[in-house]
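J.: Residue numbers (the working numbering): 151 to 277.
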């Protein structure tokens with residue numbers, strides 16, 4: 151094999167390896183489920199609809215969908231405290247507090263728990 155051919159094969163192999171870790175688009179059932187889920191707590195539901203839903207119930211934003219627990223795992227692996235910190239301070243495309251300026255730390259924690267599991271976290275308190 152010539153050096154040129156070997157270089158082409160190595161470049162192709164590296165490009166193939168780069169693409170293998172990209173997440174696939176959510177399936178339609180996951181998308182539809184994310185669009186319909188709401189917290190049962192009325193105040194939390196209002197905060198979710200106003201501040202979280204635009205990104206976490208719509209595919210294509212890069213944010214993990216509400217109730218798509220597997221897609222939350224890489225973030226959850228960092229720990230809930232890191233997730234709350236990122237939600238509070240903003241991180242990458244997410245603005246500080248998700249633009250929910252009236253959300254307390256407890257609200258953010260409850261909203262994150264809801265979005266991860268697609269159901270209310272009975273251990274989280276809200277105002």
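Glycine is no exception: its CB is placed at the ideal position from the N, C-alpha and C atoms.
Nearest to residue 263 by alpha carbon, out of 201, 216, 212?
T.: Checking every option, the nearest Cα to that of residue 263 belongs to 216.
J.: Can you pull the DSSP bridge partners for residue 241?
T.: DSSP, once it has assigned bridges, lists 244 as partnering residue 241.
J.: Quick test of your reading: residue 230 and residue 236, contact by CB under 8 Å. State the CB separation rounded to the nearest angstrom.
T.: With a Cβ gap of about 11 Å, residue 230 and residue 236 do not count as contacting.
J.: Are there three or more Cβ pairs, one per stretch, closer than 8 Å when the region 189 to 205 is compared with the region 250 to 266?
T.: Segments in contact, yes.
J.: Helix, strand or coil: how does DSSP classify residue 257 here?
T.: Here residue 257 sits in helix by DSSP.
J.: Assign residue 235 to one of three DSSP states: helix, strand, or coil.
T.: Of the three classes helix, strand and coil, the one that applies to residue 235 here is helix, per DSSP.
J.: Could you check where the alpha helix (DSSP H) with residue 186 kicks off and where it finishes?
T.: That run of the alpha helix (DSSP H) goes 178 to 186.
J.: Whose CA, out of 179, 194, 178, lies closest to the CA of residue 255?
T.: Closest by alpha carbon: 194.
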